[in-house]
Every structure is written in C-alpha cells, then in structure tokens.
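Colleague: Chains as they are written, first to last, in the numbering used here: chain L, 2 to 712; chain P, 132 to 581; chain S, 31 to 355. Sharing a structure below in structure tokens format, with a few things to ask.
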Amino acid sequence: MRPVLFFLALFLSACSGPVNNPYPATERGQSIFYSAFTERPKHLDPARSYSANETPFTGQIYEPPLQYHYLKRPYQLVPLTALAVPKARYFDSAGHELPPAAPASAIAASVYEIHIRPGIRFQSHPAFARSGLGQPIYIPMPAAVLAKARAIPDFPEQGSRELTAADYVYQIKRLASPRLQSPIAGLMANYILGFDKLSETLALAGAKRRDWLDLRRFPLAGVEAVDRYTYRIKVKGKYPQFVYWLAMPFFAPLPWEADAFYNQPGMAERNLTLDGWPVGTGPYMLTVNEPNRQMRLERNPNFRGEPYPGEGDHGDAADGLLNDAGRSMPFVDAAVYSLETETIPYWNKFLQGYYDASGLGSDNFDQAVRTGAGGGVELTPEMTRKGIRLGTSVAASSFYMGFNMLDGIVGGLDEQHRKLRQAIAIAIDEEEYIAIFANGRGIPAQGPLPPGLFGYREGRLGINPVVYDWQGGKALRKPIEAARRLLAEAGYPDGRAAMTGRPLVLNFDTASRGPDDKARLDWLRKQFHKLNIELVIRSTDYNRFQDKMRDGTEQIFEWGWNADYPDPENFLFLLYGPNKKVGAGGENAANYQNPEFDRLFIQMKDMDNGPERQVAIDSMVGIVRDDAPWAFGFHPRNYGLRHRWLKNVKPNLMANNELKYLRIDAAARDAARAGWNRPDWLGPALVLALVALALLPAWFAYSRKQEASGR
Amino acid sequence: MRPVLLWTDGLIWLLVAGLIAFVWLVRRHEHLRVPWRKLASDPVAVAAAVVLLFFTAIAVSDSIHFRLALPAGAGGGTHYSPEVRSVLDVLSGPLAKQQEKSYSAPFACRLFTRETVTLADGRQVRIYPRLRYGGAHLDDPERQRTGDIMVRVGYGLVGGALAWLALWLGLRPWFGRAASGPTIRNTLLVLCLFSGFLVALGPYYHVLGTDKVGQDVLYATLKSVRTGVLIGALTTLVTLPLSIGLGVSAGYFGGRVDDAVQYLYTTLNAIPGVLLIAAAVLIMQTQLESHPGWFETGTERADLRLLFLCLILGMTSWTGLARLLRGETLKVRELDYVMAARAFGVSDIRILLRHILPNVQHIVLISVAMDFSGLVLAEAVLSYVGVGVDPTMPSFGNMINGARLELAREPAVWWQLASAFAFMFALVLAANLFADSVQDAMDPRSRRRA
Amino acid sequence: MIAYLIRRLLYALPILIGVNVLTFALFFLVNTPDDMARLHLGVKRVTADAVAKWKTERGYDKPLFVNAGATGLGKVTETIFFDKSLAMFAFRFGASDDGRDIAHEIKTRMWPSLAIALPTFVIGLMVDISVALILIFFRRSYVEWSGVVLLVALMSVSGLFYIIGGQFLFAKVWQLAPISGYQPGFNASRFVWLPILIGVVGGVGAGARWYRTLFLEEAGKDYVRTARAKGLSEAAVLFRHILKNGMVPILTGAVAVFPLLFMGSLILESFFGIPGLGSYTIDAIGSQDFAIVRAIVFLGAALYIVGLILTDISYTLVDPRVRLS
C-alpha cells in the first residue's frame with residue numbers, strides 16, 4: 002500500500018490548483034498569452050511564409066518597413082521601421098521625373114525611397130556571435146557544437162548588431178533566389194526592375210552548389226542601399242499597390258549572417274533552418290519550436306520599444322483601447338501556442354480559461370452568441386457572466402462557387418450557358434447556407450469585392466440584379482420560379498434537355514472529406530434539386546482536385562480568396578483572362594475570359610482611388626454579375642471571443658503583429674481559472690460505487706461457496 | 132422503372148444465393164448437420180441469428196436499386212431519373228423526403244436552434260420555429276404532443292403484434308415444434324413491436340431527431356445498416372477464395388508453395404494494417420478519378436468505392452484465416468484415409484475437394500463469423516482516419532465522425548451519436564454472440580471444454 | 031543460440047525487403063512526386079517551375095529504379111528507390127517532405143507514445159487477467175454468465191465511443207483531467223491517466239474474454255482435475271495451477287506485441303493531443319507526407335519481426351524442452 006500512497010501524494014502535489022491545468026504550475030501569475038495553433042507552421046522564412054497559420058509567428062518576429070495602423074479604419078499604412086511611408090516618384094522611359102499626376106501610360110518606372118530608423122537591433126542569435134578578434138564563432142560551424150545543438154537557444158554564444166538598409170536589400174534578393182521558391186517571386190518579377198535577371202543569374206550560380214550563396218555579390222538593378230539607413234526600390238511602370246507589399250514579412254530585413262549561418266552543411270539535418278528559427282528585429286523571438294506540442298515566443302530584450310498608438314477610431318477611447326496610449330510596447334512577456342488539432346478541446350479549454358482568446362466554430366455559436374433586440378449580435382448570459390468579450394469584423398475574403406468556363410455544359414459566354422449559370426446562382430440559397438453552416442456569421446456576396454475595400458458598394462446600388470431584387474430597403478433573393486424560367490430559357494425546362502429529354506446532371510468537384518462536409522454536400526445537392534438538377538459529388542483527395550483544376554476538367558467547384566492587401570485589384574485579378582488557371586497556371590480558377598473585362602482591368606489596376614476608378618470597377622463588377630462565372634457566396638464575418646483579462650484587442654484583418662499591443666491581467670486570470678475548474682469527484686465516485694455494486698453478487702456467491710465448502 | 136444493379140448489390144445477392152446453397156448442402160448431409168443442430172439448441176445463438184437476419188433484411192431491401200422513369204419528354208424516348216432509389220427508400224416512405232431545415236431533437240415539434248423571424252409588424256424576434264414535418268399535424272404541440280405520441284405508440288404496438296401474429300402463423304409449420312421455436316417467436320415479437328413503433332411514429336415525428344441539414348436520423352441510420360452489413364459480409368466473401376486457396380494449398384503441398392505463401396502473409400502481416408489500408412485506399416481513389424467512365428451516377432461511384440474498400444480490407448485480412456487453414460491442413464493431410472487416397476493415386480484436386488475442404492470448413496465458418504463484427508467496427512475507425520467509405524455514403528463511421536463535433540455544442544446534440552451507437556451496438560453484439568455460439572458448436576477444441 | 035539468432039535475422043531480411051518494395055510501389059503509384067510537390071507548395075500561386083525545384087530539392091527528380099544517365103554504380107544508386115527506400119535498412123529515414131528530420135522526430139515522439147501504451151498494456155493485462163480469473167472462479171454461476179455477457183457487450187462498442195465518452199465525462203463534465211495536451215517529464219501523469227484508463231476499459235472486453243478461454247482450456251486438463259480431486263481448495267487450484275500454466279501463452283503472446291507498443295495508438299493520441307508516434311502517423315496520412323508514412327511502415331515491420339524473434343526466445347525460456355534449432 003505504501004508505494005501507492007507515495008505516488009498518490011506525488012501526483013497530488015504535482016497538480017496543486019486545478020487538476021486540469023495543462024500548463025506547468027511555475028507559469029502561474031506570469032504575463033503570458035496563451036493561444037493555440039492547429040497546424041504546424043511550415044515556413045517561418047520571410048521569403049517563403051505565405052500561410053495564415055504562420056503569421057502569428059512571423060508577424061511578431063519580423064519587421065517590414067511598414068505596418069497597418071492598429072486602431073484606425075479603413076486600414077491605413079503607417080511606418081514601422083521606416084521613418085515615413087514612402088511616396089512613389091515617377092520617371093519616363095528617358096529617365097526624366099514626371100509629376101505625380103502623370104498618366105499611367107507615360108510612366109516607365111516608379112521609385113520608392115525608404116529611410117529606416119537608426120539604432121534598431123536584431124534579436125540575440127548565434128549567427129551574430131563573434132570572437133574577440135571579430136571573427137564569427139559559428140561560421141564555419143565547429144562540428145562539436147553542432148553535434149550538441151538541436152535548437153537555437155542551445156548555442157552558448159549569442160550576439161546582435163544594428164539593422165541596416167542592406168539587410169532589407171538582402172532579403173529582396175532572396176525573394177529572387179530560385180532555391181527558396183518564394184511564392185511571390187513570379188509576381189515580383191513583373192514589377193521589380195532586374196528581378197528576373199537576378200533570378201537567372203542565381204539559378205546559374207547556384208545550380209551545382211548546395212552551400213551558401215552570398216547574395217551581396219549579386220547586384221539587383223532595381224534595389225540598392227543608398228546609405229546605411231536608406232534603400233531604394235525601382236518598380237516597372239506604375240504599381241500603386243506596391244506599398245502594401247512593404248507591410249508584409251516578405252519585405253522584412255534579413256541579415257546575411259543568418260543566411261550564412263543556416264546554409265552550412267549539417268544544419269538542416271538537425272532542424273536548424275530559417276523556416277524553424279527566424280531572426281528578426283521585432284518585439285518577440287521564438288525560443289521554443291516543438292511543432293508537435295508547443296511554440297513559444299518570448300520578449301526580445303533588444304527590442305527598441307515602440308509607443309502604443311495615441312489615437313484611434315471613434316469609440317476606441319470609450320472601449321478602453323487608448324488606455325495604454327504612449328506606453329512602450331510590448332506588454333506581454335511571452336506567448337505560448339499549443340498544438341490543438343481538434344476543435345472540441347480548443348473551445349472547451351477556452352471556456353475553462355486556458356486560452357485567452359478563441360475564434361468561434363459554428364457548433365459553439367448558439368452557446369456563445371445570440372441576436373440582440375436590434376438585430377445585432379450579443380453574448381449569451383452565460384458568456385457575459387464569465388466576462389467574455391466579443392469582437393466582430395467582416396473578413397477581407399470572399400467565398401464563391403465557380404463554374405469552369407471551359408466546360409461544355411456550364412461554361413461558355415453565350416446567352417444560353419449564361420442563363421444556366423444565372424439560374425443556379427439564384428437557386429443556391431446562400432442566406433440559408435450562412436444560417437446553417439456559419440450561424441449567420443457572414444454576409445451574402447453581391448459581387449467579387451468584400452466590404453471594406455475601395456469599390457465596394459452598399460445598399461441598392463450594390464446588389465447583384467441578376468440574383469437579387471431590391472424590396473423594402475433590403476436585398477431579396479429572386480424566387481425559385483425566376484431560376485426555373487432562366488433554366489427553361491437555357492434549354493433545360495424542368496431540369497431536362499429540351500432537345501432530348503435527358504435529365505441534366507452536373508458534377509461538383511471537391512477535395513473535402515472532413516466530418517462536417519457530408520452535411521454541406523447534402524445541402525448543396527438539395528439546392529440543385531430545387532431545379533431538378535442532379536448534382537453528382539466528385540470528391541477526391543487534394544492532389545487530384547488540384548490536378549483537375551489545372552487541367553480544367555472540373556465542372557463546378559468551391560473556392561475562396563483572402564486579401565493580400567486591401568485593394569480591389571487583389572480580387573478582380575482573380576477573373577482577369579491572362580491569369581487563367583488552365584495553361585497560364587494563374588489564380589483565375591474559373592478560367593473566365595471576357596475581353597471587355599480584361600481591358601477595364603488593365604485600366605483600373607493602375608488608377609489611384611477616385612471616382613474614375615469607381616466607374617471602372619462598377620462596370621467590371623456588372624460584367625461579372627451578368628456572365629456569372631461565379632455564383633457569389635459570402636464574405637465571412639469573424640467573431641472573436643476573448644476573456645476579460647485580455648486587454649487592447651481590436652480585430653484587425655490586415656495587421657498580423659497584434660501581439661505587442663495586447664496586455665494581460667494575470668491575477669484576474671488565475672482567480673477565474675481557479676473558480677471555473679473545480680473538479681467534480683462525485684461523478685467518478687458514483688461510477689466506482691456502481692462497479693462495486695455490480696461486484697456485490699459475486700461477493701455473495703463467494704461467501705456462499707465458502708460456507709458450502711466449510712460445511 | 133429501370134433496375135440498377137450496383138456491384139455490391141450483385142455481390143450481396145451472390146452471397147444470399149451462396150448461403151441458400153450452403154443450407155441446402157448441409158441439410159443433405161447428416162454429418163454436416165450435427166453442429167448446426169447443436170447451434171439451433173442454443174437460445175442465444177438463435178436470438179442473435181434472428182436479429183442478424185433482421186439487419187440483413189434491411190440491407191438486402193436496400194440492395195434492390197432502380198431508377199424511376201421520367202414523364203415522356205419533348206425529344207421522345209424514355210429517360211430515367213438520375214436518382215437511384217432502393218426498395219428500402221420506398222418502404223421507409225416519407226422519411227427521406229421529410230427534410231427539416233436543421234437540427235431537431237427526437238420527437239421535437241420545433242427546431243433545435245433559434246432563428247431570427249420577422250413578425251407581421253416588422254419586428255424581428257429570435258424563436259424556435261415549428262418544424263415543417265415533425266409534429267406538423269398538431270395545432271398546439273406543447274399540450275397535445277404527449278397524448279398524441281401515446282396514442283400512436285399504442286397503434287404501433289398493436290399493429291406490430293398483429294404483424295407478428297401473421298408472421299408466426301406463417302412460420303410455425305417450420306419452426307413451431309423445433310427446440311428453437313420459442314426463442315424465434317419471442318425475438319420476432321420484440322422486433323415486430325419495435326418496427327411497429329417506428330412505422331406508427333416515423334411519418335409524424337422524427338423519432339431519432341434530425342441532423343445538421345435536417346435529414347431524418349432514423350432514415351440515415353437505416354441506410355447505414357447496409358454499409359455496415361456489406362463491409363462485414365462482402366469483405367469475407369472476397370477474401371475466402373484467397374485465404375482458402377493459399378492456406379489449404381500451402382498446408383497440402385508444402386515445400387516451395389508453403390514457403391511462398393508463408394513469406395507472403397508474414398510480409399503483409401508485418402505492415403501495420405491501418406497504414407496498408409490507407410495507402411491502398413489512396414491508390415483506389417486515384418484509379419476512380421482517372422476512370423470516370425466506370426460509373427454514371429454519384430451512387431455508382433460511392434458504391435464502387437465501397438466495393439474497393441471491401442477488397443482492400445480483404446487483401447489485408449486474409450492472412451489470419453490462411454494461417455489457420457494451413458495449420459489445420461497440415462494435420463488433416465496426415466490422416467490415414469488421406470494418406471491412403473494419395474497412395475492410391477487419387478488426384479490432388481479430388482483429395483482437396485473430397486477430404487481436405489470438408490475437414491477444414493468449420494474453421495472457415497468460425498473465422499467468417501468472428502471477422503464480421505470486427506469489420507463493422509473497423510469501418511468506423513477508418514472513416515475517422517479519412518480512408519473509409521465515400522463521404523457521401525451513409526455509414527456508421529460517417530455518422531459518428533460527423534456527430535463527434537455535435538457533442539461540443541451546448542446543449543449537446545446527442546441523438547445522432549446515440550442512434551449510431553445503438554444500431555451499431557445491436558448489430559455488433561448480435562454478430563459477436565452468434566460468432567461465440569458458432570465457435571462453441573463447431574470448434575472441436577471447445578467441445579472438449581468442461 | 032547466437033547462431034539461431036543470426037539465422038532468424040537473416041530470415042527477417044527478405045520480409046523487410048518485401049515490405050520495402052511493396053510500400054515503395056504503393057506510395058509512388060498513388061502519388062507521383064509531382065503531386066507531392068503541389069501538395070506541399072500550398073494553394074496560392076504555384077508554378078510548374080516551383081514544382082520542378084521542389085522535386086530537385088527533395089531528391090524526387092531522379093528516375094525510379096534505373097538511372098540511365100549515370101555511370102557505373104550510379105545507375106542504381108542515383109535513383110529514388112535507392113535513395114528513399116534502401117536507405118531505411120540503415121535506419122536512415124531522411125527528411126520528411128516538409129523538411130524535418132524523421133529519425134529525430136521518431137526519437138522524441140516515441141516517449142509520449144510509450145507513456146501511454148506501456149501502462150495501458152501492463153495495467154490492461156493485469157485487469158484482463160483478474161477479470162478472467164474471477165469469472166473462472168465463479169464458474170457455472172450467474173456471475174459467470176452475466177460477466178461474459180457484459181464482456182461481449184463491452185467488446186461490441188466501437189472504440190471511438192469509449193474515447194468520445196471518456197473525454198466528455200472525465201475532462202469536460204467532471205474537469206478531472208486536461209482535455210488535451212502533453213507535458214514532458216513528471217507532469218505527463220496529469221495528461222496520460224485518462225487515455226490509459228480509456229485504453230484499459232476499451233480493451234477489457236476482448237482481453238478478458240480471450241484469457242478466460244485460455245484459462246478454461248487449462249481448467250479442463252487432467253492435471254487440474256487431479257489437483258482438485260486431491261482436495262486442493264478452488265483458490266489454490268486457480269492460482270497455483272491454472273494461472274501459472276496459463277501465463278505461458280499469455281506472456282509469450284505479450285512479448286510478441288511488446289515492441290509494437292512503441293508505435294503508440296493512432297486514435298487515442300490524436301483525440302488527446304498526445305505528441306506521439308500515433309498522432310504523427312495520422313497527421314502524416316492527413317497531410318499525405320509519404321516520407322513519414324514510409325518510415326513508420328518500415329519501423330512497424332521491423333518491430334513486428336523483433337516481436338517474432340522475442341517470442342521464439344521466450345518459448346525456450348519458459349519451456350526448456352523447446353529447442354531453438
């Protein structure tokens with residue numbers, strides 16, 4: 002019995018406090034932000050990172066020259082490491098400077114000059130470690146050190162140095178490196194002067210080698226460091242959206258020492274890569290990278306300190322968002338991200354207080370949120386009692402159902418095929434979809450542009466007249482009869498081909514097979530049944546699906562797009578003919594090509610925001626609505642929940658460096674956790690009692706047997 | 132109407148035919164009847180067999196597929212609806228068609244979730260709206276529902292009892308005086324009452340509630356029975372030739388053949404089962420994708436996938452039976468009369484068919500019975516891993532997988548999970564009990580048991 | 031003995047080769063390297079160029095079996111088969127398709143897996159044997175009858191229900207354990223006890239039934255009858271004879287599965303967020319990282335063979351009459 006008691010005592014002592022606390026007891030009372038990640042971030046290298054699940058890390062570590070203002074809406078670019086947001090200067094083909102109002106056709110090049118703040122320092126990192134003689138300690142890497150290292154904090158010597166303009170230039174050159182396969186390399190080759198030439202040179206120089214290629218030796222015509230704190234980027238033609246890219250980690254600085262450090266032989270085999278261990282100047286640095294369990298960001302002691310914004314939107318002061326104005330950020334000491342692959346534990350741990358904030362799955366919606374008197378949403382009493390807060394925002398993204406325009410049945414720009422698509426677009430009741438699957442968290446799309454972007458129109462002018470009627474001050478989906486009429490005009494009265502009487506069968510291609518998908522697919526078939534169209538679900542794995550999309554053998558599919566930057570160009574280019582998926586490998590998944598639309602797109606793309614651009618966008622959206630290559634879906638509305646101890650939260654869809662703004666009241670959190678997580682021993686005691694009860698007859702039988710044998 | 136013969140339909144009918152032939156064979160040979168007689172005297176086995184037959188009846192009735200003709204169209208010629216229906220669909224009547232908007236609890240008259248409704252005066256309120264079908268015949272569901280349900284349960288039980296009476300009168304000449312008669316009678320009574328209950332209430336209420344898109348859960352559960360039964364039964368059917376052929380020949384011929392077969396099954400056994408299945412299922416998907424001509428409708432596609440899944444499960448699970456058969460054949464081979472037959476130069480084929488197979492058939496039967504329940508359970512796990520049946524196909528695995536997330540809702544949506552649990556449990560329990568009895572009756576080793 | 035071991039190992043080699051060739055064929059039929067590349071490069075802006083580069087980087091650009099372009103030995107060694115498949119015999123698993131070292135991953139993930147699988151196995155074994163003995167003890171009474179029915183019922187419940195139900199009750203309703211997660215070291219006990227409990231309860235149906243049959247077989251043997259006829263008490267017969275002799279097949283059977291415990295449990299681990307080999311495998315299947323799946327398959331096969339050899343050895347240890355020859 003002794004050892005049992007001993008272990009019991011040990012067990013109980015190990016978990017003083019709530020027994021279900023998933024964190025070590027030593028972390029209690031600390032200013033740590035707890036969150037989760039659902040999938041291992043694959044690339045933390047700023048040249049390669051492009052997934053939404055990587056930005057929680059890259060956003061805090063890397064500092065591009067610009068950032069989005071945390072509080073102001075519409076989204077506004079403000080300097081981060083730069084001294085000011087750069088203004089483009091325009092030049093003609095002869096190299097003469099043009100006035101800012103010059104027509105786009107005359108502009109041969111735009112030049113952006115960026116001045117960065119002096120005195121910014123990189124985080125501590127072994128790549129910067131130098132001996133007394135000024136020689137790098139770990140370049141070349143001593144084998145004995147490498148044999149013991151599995152993580153960057155394992156290296157005994159660390160160092161730092163000041164950020165210079167050359168580090169920004171070095172990173173832009175990395176974007177061109179064929180070895181890194183930066184996802185935006187193809188795009189940047191169209192814009193940055195000399196970018197493709199550098200790519201070719203690097204491909205030749207690096208073809209036979211696996212070791213570090215010192216990019217400082219290779220010139221990039223369009224990008225140069227003017228002095229220690231200034232660099233200049235030369236862009237072909239006029240591309241006003243370019244400044245948005247300067248707020249993304251792609252354009253963050255990267256010291257050549259880090260590149261040299263990680264590109265040594267044997268490093269990748271020990272998981273020591275830039276994809277796993279980023280090097281930046283930001284407020285936080287990665288100290289634990291165990292992607293099967295936990296990622297941990299800790300305050301970067303070298304961070305210069307940045308004041309919390311002093312002004313915000315209307316109402317921000319009342320919300321307490323300006324309480325910290327002017328104080329030096331960051332406020333939170335560390336951020337712990339735990340792997341959480343399933344939604345149920347994620348949500349439950351949030352309710353238990355072990356995560357500070359949570360997104361909202363459709364299954365938890367009714368528990369957390371209800372519609373208030375005015376039609377807006379408010380928290381349920383249960384959530385309010387817990388002191389949970391709600392933040393909402395409409396994401397700059399768009400979901401749609403696409404028709405493959407190359408397909409013989411649903412494709413084609415002629416009257417008949419167009420009417421077939423229009424009929425389907427009416428039949429698919431997006432309002433019901435949003436109600437069932439997103440619990441009302443979305444607004445039905447009237448066109449390709451999500452709200453909050455220039456060019457989006459509200460109200461009567463903004464509705465899609467093909468699918469909606471304007472009635473009583475609201476957009477109302479046309480009745481199903483209208484769809485049936487269109488279907489008949491398209492040559493399929495009552496869902497059967499007028500010529501042959503053959504029933505119309507359409508194919509829906511999808512790669513989904515999660516637990517929730519069957520319900521969704523059933524619903525979709527129900528929508529087509531309204532028109533007597535049989536929808537065949539062709540579900541497959543992701544690879545095959547991509548194959549089909551590339552070959553253009555799909556018929557109908559679902560797709561979505563998240564904005565890279567808040568400009569209508571970033572959505573309308575999804576329908577630009579030369580961007581077709583088939584053949585060109587672009588992002589125009591529906592393979593839509595309308596010459597008029599393409600012509601307007603080229604015009605619109607280079608315009609500055611203004612009435613002229615609005616007119617162009619209006620006519621483009623009108624063309625797309627009529628042609629209906631997409632049945633517009635919806636723009637998701639994000640509902641974020643957070644506990645009351647998490648301060649300074651304002652949903653910001655463009656900024657990804659929110660962590661530094663957050664503040665945590667750790668004492669309040671500990672009190673709440675203790676209150677919410679009282680173990681219930683009664684339940685298991687009951688279960689034990691039941692088991693004992695079940696064993697009772699056995700005991701009786703035993704004693705009877707004993708008696709019998711004793712007699 | 133045009134009948135549609137899906138691959139698995141054909142195979143399940145083949146299986147039924149095989150069973151009938153087997154029964155006929157057993158009835159003709161006295162020595163084969165002995166263990167079956169023993170089995171028939173075991174009430175647990177008989178009750179389990181009746182329940183299994185009930186499930187099989189559902190599965191078989193769901194395996195007669197057809198497409199209805201459409202009204203004559205403009206272009207002349209008959210065309211058929213692309214929707215494939217089965218006899219079960221017809222029998223279950225309105226269940227499939229009575230689709231609500233979203234979740235509703237068992238016997239509910241209102242939706243499970245609130246909805247924003249605009250009143251006549253333009254105000255918006257959030258209420259639980261009435262269901263389109265469930266309890267739609269009631270004016271004031273809150274007060275009338277309990278009484279109405281009671282009355283209908285009464286009708287159902289009486290109807291079930293009458294049906295049972297008719298059924299039993301029909302069956303009595305065969306089973307009335309057999310030892311198993313009372314058990315059959317009682318089990319049938321339970322099943323009839325249960326069915327009567329469902330038939331009486333099904334058209335008026337969602338007895339097991341509705342799922343996320345408002346489909347009746349009872350209907351989905353009934354449809355899942357076919358998938359479960361097919362996976363259990365067809366898999367063994369497709370593996371039998373392989374395991375019998377390889378196992379028996381390894382034991383009988385020995386030498387090189389034995390070495391080769393042993394090598395084959397050790398190698399296959401060495402690979403973790405789930406991984407082998409996952410890899411094979413992924414291949415199968417590739418093949419299905421690159422041959423769109425193999426199927427015309429979505430149903431046929433899902434069916435083909437089910438067939439391949441059975442084949443794959445079979446390929447990875449034949450090894451166990453083959454090993455047992457090999458061992459048993461080694462023993463039988465040494466029996467005097469087999470040796471004698473060989474000495475007289477009787478051909479190998481003849482010896483195999485005449486002497487070896489009848490002597491090892493009990494092992495095959497036991498193994499088939501034992502594997503059935505394991506396969507039904509395996510389907511659920513495979514669906515969780517993402518390599519199970521087609522996601523559009525109703526199956527217990529897909530139901531559990533989908534319902535898993537529903538438990539996190541507050542209040543929890545428990546009925547889909549509970550239905551899948553109950554029906555699956557009944558099926559597997561019956562199969563397990565039957566398999567147990569089969570083993571007791573057939574295995575000479577267990578006959579010795581005290 | 032040593033000579034026997036060497037022979038057994040040599041016999042294992044063709045099996046491992048068979049496994050290797052089979053998996054190689056399976057995985058490169060399913061997914062051509064092109065597919066893998068596209069899967070891993072992500073959704074947005076993928077060009078044919080990037081695919082080619084990805085393949086080069088991972089070494090998937092070589093021919094499958096024979097490299098006609100190379101000279102000498104290179105004809106065989108400069109191939110995907112040699113690179114990706116044969117290297118495994120040296121336990122060189124290489125990097126996963128997303129660039130992390132598989133061997134290191136396996137080494138670190140092995141421990142959480144063991145922390146669950148080993149206690150589940152040991153405790154499960156003890157519980158199963160105890161239940162089986164109780165049932166034998168109350169032979170031919172209603173205790174036995176109801177116990178067996180209960181076991182069959184327990185066995186007829188899908189394992190998924192045990193996990194879903196256990197997690198729901200113990201972690202969510204009663205708040206007795208963290209819902210998911212893992213901490214290394216001693217803290218692990220807080221996270222693993224619930225999965226272990228679920229594993230034991232989920233396995234008791236099939237396990238106890240199986241041991242009951244074994245013991246019943248023992249109980250029917252002549253020497254047991256003799257012992258009973260000698261007037262030994264029922265408990266003495268049970269423990270001294272039935273349990274002792276029944277343990278031989280139980281232990282040799284346990285030895286066979288013992289090495290496979292390293293592989294962890296697929297479903298249990300992924301439900302509870304345990305960073306073990308089981309969840310590693312599931313994630314790899316989900317993300318179609320075939321390098322990992324191949325490595326795990328090979329590892330599983332190797333452990334299986336180790337189990338076979340251990341079983342043989344344990345037979346000789348338990349029963350001196352069995353000679354390894």
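Virtual Cβ for every residue (Gly too), placed ideally from N, Cα, C. Everything numeric in this text was worked out from a predicted model, so none of it was measured.
1. Can you give, in chain order, each stretch of the alpha helix (DSSP H) that sits fully within the segment 502 to 539 of chain L and has at least 4 residues?
2. Does any residue of chain L bring its CB to less than 9 Å from the CB of S/G129?
3. Is it the case that the Cβ atoms of L/P279 and L/D46 are separated by a distance below 9 Å?
4. Say whether chain L places a C-beta atom closer than 9 Å to the C-beta of P/V344.
5. Going by the DSSP bridge assignment, what does L/R300 pair with across the sheet?
6. Quick check: what's the CA-CA separation for L/L642 versus L/S394?
7. Taking the alpha-carbon of P/A582 as reference, which of P/F439, P/A188, P/L183, P/A227 has the nearest alpha-carbon?
8. Suppose the cutoff is 7 Å on Cβ atoms and the five residues either side in sequence are ignored; what does the same chain contact list for L/L691 look like?
9. If contacts are defined as beta-carbon pairs under 8 Å, then L/A37 and L/Y285 qualify, I think. What distance do you get, rounded to the angstrom?
10. Could you pull the start and end residues of the beta strand (DSSP E) that L/E570 belongs to?
11. May I ask you to report which of helix, strand or coil DSSP gives S/G308?
12. Go to P/V330, then tell me how far its alpha helix (DSSP H) extends in each direction, as first and last residue.
13. Please classify L/A374 as buried or exposed, where buried requires at least 16 neighbouring CB atoms within 10 angstroms.
14. For a cutoff of 9 Å on Cβ pairs, would you count S/M185 as touching chain P?
15. Can you list, in chain order, the stretches of the alpha helix (DSSP H) that have 4 or more residues and sit fully within the segment 152 to 229 of chain P?
16. What residue ranges within the segment 240 to 284 of chain L form continuous alpha helix (DSSP H) runs of no fewer than 4 residues, ordered along the chain?
17. Does any C-beta atom of chain P lie closer than 9 Å to the C-beta of S/V182?
18. Taking only beta-carbon positions, decide if L/T274 is within less than 9 Å of chain S.
19. P/S355: buried (16+ other C-beta within 10 angstroms of its C-beta) or exposed?
20. For L/S704, count neighbouring C-beta atoms within 10 Å of its own C-beta (all shown protein chains included) and say buried if the count is 16 or more, exposed if not.
21. Taking only the alpha-carbon atoms, compute the straight-line gap between P/F527 and P/L560 and give it to the nearest angstrom.
22. Which whole-angstrom value describes the C-beta separation of L/P75 and L/F58, a residue pair presumed to lie in contact below a C-beta threshold of 8 Å?
23. May I ask you to report which of helix, strand or coil DSSP gives L/Y338?
24. Report all residues from its chain with a CB closer than 7 Å to the CB of P/G345; omit the five preceding and five following residues, and keep chain order.
25. I'd like to know if L/S540 contacts chain P, where contact means its C-beta is closer than 9 Å to some C-beta of that chain.
26. Is L/A564 closer than 9 Å to L/P451 when the C-beta atoms are compared?
27. Identify, in the order they occur along the chain, each residue of the same chain with its Cβ nearer than 6 Å to the Cβ of P/Q255, setting aside the five sequence neighbours on each side.
28. Considering only the beta carbon of each residue, do P/L488 and P/V379 sit closer than 9 Å?
29. What three-state label does DSSP hand S/A183 in the structure shown?
30. Within the same chain, show all residues whose beta-carbon is closer than 7 Å to that of P/T450, passing over the 5 residues directly before and after it, in chain order.
31. For chain P, check one thing: does any of its Cβ atoms lie closer than 9 Å to the Cβ of L/D523?
32. Note down, in chain order, each residue of its chain lying with its Cβ closer than 8 Å to the Cβ of S/G330, except the 5 sequence neighbours on either side.
33. Using only the alpha-carbon positions, how far apart do S/P305 and S/L296 sit?
34. Could you tell me how far apart the beta carbons of L/I427 and L/K479 are, in whole angstroms, since I believe they sit closer than 8 Å?
35. For the beta strand (DSSP E) containing L/K387, list its first residue and its last residue.
36. Using the rule of at least 16 other Cβ atoms within 10 Å of the residue's Cβ for burial, across every protein chain shown, is L/F262 buried or exposed?
Modeller: In short, the structure shows the following:
1. 518 to 530
2. yes
3. yes
4. yes
5. L/Y285
6. 12 Å
7. It is not possible to answer for residue 582 of chain P, since the shown part of chain P is limited to 132 through 581.
8. none
9. That pair is no contact at about 17 Å.
10. Taken as a continuous stretch (DSSP letters only), L/E570 belongs to no beta strand (DSSP E), being part of the alpha helix (DSSP H) at 570 to 573.
11. helix
12. 312 to 332
13. For L/A374, the pLDDT reaches just 49, beneath the cut-off of 50, and the residue's location in the model is therefore unreliable, although a value from the coordinates is still provided. It is exposed - the Cβ of L/A374 has fewer than 16 other Cβ atoms within 10 Å.
14. yes
15. 161 to 171, 174 to 192, 218 to 222
16. 243 to 246, 257 to 263
17. yes
18. yes
19. buried
20. exposed
21. 15 Å
22. Not quite, the Cβ-Cβ distance comes to about 27 Å (not below 8 Å), so this is no contact.
23. strand
24. Q230, E231, K232, S233
25. yes
26. yes
27. T247, T249
28. yes
29. helix
30. Y396, L399, N400
31. yes
32. L290, M293
33. 11 Å
34. 5 Å
35. Here L/K387 belongs to no beta strand (DSSP E); instead the alpha helix (DSSP H) covers 382 to 387.
36. buried
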